[in-house]
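Residue numbers (the working numbering): 50 to 279.
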Amino acid sequence: MQCVVCAAVPLKLRRYILPISDTIIQDQRQTETTTFDTNHVRQIRLIFDSTDKELNDLSSALTSLCRAHTVVLQWVPSHCNILGNEAADTLAKEGTTKDQNDRSTTFKEAKTIIKAKQHKKWLQQHPHYNKNDAFHLLTRSEQVLIFRLRTGHNRMNHHLFTKFRIGQSDQCPCQTGSMTTEHLLQTCPLHDGLRSQIWAEATTVQGKLYGSLDDLQRTATFARRTGVSI
Ligand SMILES: [Zn+2]
50 MQCVVCAAVP
60 LKLRRYILPI
70 SDTIIQDQRQ
80 TETTTFDTNH
90 VRQIRLIFDS
100 TDKELNDLSS
110 ALTSLCRAHT
120 VVLQWVPSHC
130 NILGNEAADT
140 LAKEGTTKDQ
150 NDRSTTFKEA
160 KTIIKAKQHK
170 KWLQQHPHYN
180 KNDAFHLLTR
190 SEQVLIFRLR
200 TGHNRMNHHL
210 FTKFRIGQSD
220 QCPCQTGSMT
230 TEHLLQTCPL
240 HDGLRSQIWA
250 EATTVQGKLY
260 GSLDDLQRTA
270 TFARRTGVSI
């Protein structure tokens, strides 16, 4: 059995595999099974699967070796003072400090890079965004209600009539005003009883829509219990 310890990254594998595969293939006295001890089995498999032309020589060397010998990839733990493996790790570390090859970016990589950049940009544009704020602690259905009430993009008469000319008018069925978020939450006489049950004290629209978790939950409960389609 010929035991070879390979490098930690494909480019470093070249340093080990190319000379070794040549020797093994040319030397008829070598045994027929070749074992690569590695803690990076996946990276050796990637060489076979890769469409990267830079790795063609490695892929060819390994393929030739496979034709002449039984090649076994054997996993070994890293950093256990296995001589060749430690050398490979050292080379891999050296490699990270050198200029990288100018390789074309895959679609998947490009997508990841663009997504990360856009996310960073969005966070810069929304400095007050906090995924742990009261809104994000609501249930999904509560978030939908609060979002619709905050933005005014909802199914209440004011929005439907003024934006889409749906319905007869923007008026609330109580006929005392346009059916907006503020009207529903603050003044609609149809819901006075429910309103005083939910809010014992006068509360501003701002507080009801942007207050604490308790404030938002009360608003969502109120909106649901009015039976109004929001
Ligand atoms: Zn009303």
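Using N, Cα and C, we set each Cβ at its ideal position, and we do this for glycine too.
- One alpha carbon belongs to F196, the other to S190, and they sit about 10 Å apart.
- Segment contact: the stretch 221-228 against the stretch 248-264, fewer than three CB-CB distances shorter than 8 Å; contact not assigned.
- Three or more pairs of CB atoms, one per stretch, sit closer than 8 Å, so the stretch 240-256 contacts the stretch 264-275.
- CA-to-CA, the gap between R116 and S109 works out to about 11 Å.
- Here Q220 carries a strand assignment [DSSP, helix/strand/coil].
- Look at S261 here: in three-state DSSP terms it is coil, with no helix or strand label.
- In terms of Cβ geometry, I247 and T270 form a close pair [threshold 8 Å].
- For C223, the closest C-alpha among the options G216, I215, R214, L233 is that of L233.
- Taking C-alpha positions only, A137 is separated from N179 by approximately 44 Å.
- The beta carbon of A272 lies closer than 6 Å to those of L194, I279 in the same chain, with the five residues before and after it left out.
- Contact annotation: H207 and D219 have beta-carbon atoms nearer than 8 Å.
- Close to ligand 1, as judged by a C-beta nearer than 5 Å to any of its heavy atoms, are the residues C221, C223, C237, in chain order.
- Around the CB of L172, fewer than 16 other CB atoms lie within 10 Å, so the residue is classed as exposed.
- Listed in chain order, the alpha helix (DSSP H) runs fully inside the stretch 161-223 are 183-186, 189-200, 206-213, counting runs of at least 4 residues.
- For G242, the enclosing alpha helix (DSSP H) has its first and last residue at 241-247.
- Residue pairing of S227 in beta bridges, as defined by DSSP: Q220.
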